[in-house]
Amino acid sequence: MDFCKLVKKRKSTRKYSLKPVPREIIEKCLEAARLAPSACNSQPWSFIVVDDKDLKDKVAEAAFSAPYTLNTFAKKAPVLIVAVTERTKYITRVAGFFRGIHFALVDVAIACEHLILQAEEEGVGTCWLGWFNESKVKKILRIPKRKKIDIIISMGYPEKEETREQIRKPLAKIRRYNKEPM
């Protein structure tokens with residue numbers, strides 16, 4: 264598919280069918296994430312795929328219970344992918360400190376976007392989730408305290424084709440060349 268068509272087609276899926284997502288498709292999505300660029304090639308990510316229904320239900324209940332109820336729709340997704348932010352290379356941490364940038368989070372976000380776009384290419388819906396109870400999820404999945412979960416991705420086949428219009432700022436509002444005034 265043409266890349267811009269793929270990007271325009273992708274929407275956050277919030278209503279999922281019960282159809283399971285084959286592991287071959289999940290693996291393709293993870294491979295796309297694995298190939299993402301990262302600062303100093305640190306690749307500060309790992310992914311936990313939660314597709315066992317009982318475990319997924321426990322994780323979803325822990326992640327999206329009060330006060331984290333904004334994303335309760337994700338409880339119905341057949342798959343949750345937990346993106347674990349790993350420790351980066353020393354040089355990346357030092358550079359990030361001086362620039363005021365958490366490069367590991369940027370890197371994980373790029374990897375997750377690769378994963379999400381591959382899912383779209385496969386006809387699988389996703390939604391990027393940042394509001395969840397991290398400590399409860401870490402406990403259930405036995406993730407060490409020193410590691411961070413910044414993103415959970417819900418994944419599954421859309422219940423129906425989404426037709427809502429994406430509202431985006433016009434290019435002229437977000438682009439400038441050289442020293443054009445802001």
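To convert a position in the sequence shown, counted from 1, into the numbering used here, add 263.
Backbone N, C-alpha and C fix where the C-beta goes; we use that ideal spot for every residue, glycine too.
Predicted model, so just to flag it, every value in this text is computed and none were measured.
Spatially closest choice to L281 from D265, I288, A323 and M418, by CA coordinates: Here the question's residue 281 lines up with position 18 in the sequence shown. Nearest option by C-alpha distance: M418.
Backbone CA spacing between E324 and Y440 [nearest angstrom]: The sequence position of residue 324 within the sequence shown is 61, counting from 1. The sequence position of residue 440 within the sequence shown is 177, counting from 1. So the alpha carbons of these two residues sit roughly 47 Å apart.
Between the CA atoms of L293 and A382 - distance to the nearest angstrom: Stepping through the sequence shown from its first residue, residue 382 is reached at position 119. Stepping through the sequence shown from its first residue, residue 293 is reached at position 30. Going by the C-alpha atoms only, they are around 9 Å apart.
Coarse secondary structure for S417, derived from DSSP in three states: Taking the first residue of the sequence shown as 1, we reach residue 417 at position 154. In the structure shown, S417 falls within a strand segment according to DSSP collapsed to helix, strand and coil.
Rounded Cβ spacing between C375 and I416 (contact assumed at less than 8 Å): Position 112 of the sequence shown, counted from the start, is the residue given in the question as residue 375. Position 153 of the sequence shown, counted from the start, is the residue given in the question as residue 416. Right, the Cβ-Cβ distance comes to about 6 Å (below 8 Å), so this counts as a contact.
Coarse secondary structure for F361, derived from DSSP in three states: In the sequence shown, counting from the first residue as 1, residue 361 sits at position 98. Three-state DSSP puts F361 in a helix.
Residue interval of the alpha helix (DSSP H) (run including F395): For the purposes of this step, residue 395 is taken as residue 132 along the sequence shown, with counting starting at 1. No alpha helix (DSSP H) contains F395, which DSSP labels as neither H nor E.
Assumed close pair V400, P341 - CB separation to whole angstroms, cut-off 8 Å: Along the sequence shown, read from residue 1 onward, the residue named residue 400 stands at position 137. Along the sequence shown, read from residue 1 onward, the residue named residue 341 stands at position 78. About 17 Å; that fails the 8 Å criterion.
Within the region 285 to 366, ranges of the alpha helix (DSSP H) (whole runs, at least 4 residues): 286 to 297, 316 to 326 and 353 to 362
Cα-Cα separation between T426 and L380, rounded to whole angstroms: Residue numbering aside, residue 426 sits at position 163 when the sequence shown is read from its first letter. Residue numbering aside, residue 380 sits at position 117 when the sequence shown is read from its first letter. Those two C-alpha atoms are separated by around 18 Å.
Residues that DSSP places opposite I388 in a beta bridge: For the purposes of this step, residue 388 is taken as the residue at position 125 of the sequence shown. What sits at residue 388 in the sequence shown is Gly, not Ile. For G388, which the question treats as bridged, DSSP gives the partners G419.
Best match in D370, R362 and K410 for proximity to L298 [C-alpha to C-alpha]: On the sequence shown, residue 298 is found 35 positions in, with the first residue counted as 1. Checked all of D370, R362 and K410; the closest Cα to L298 is D370.
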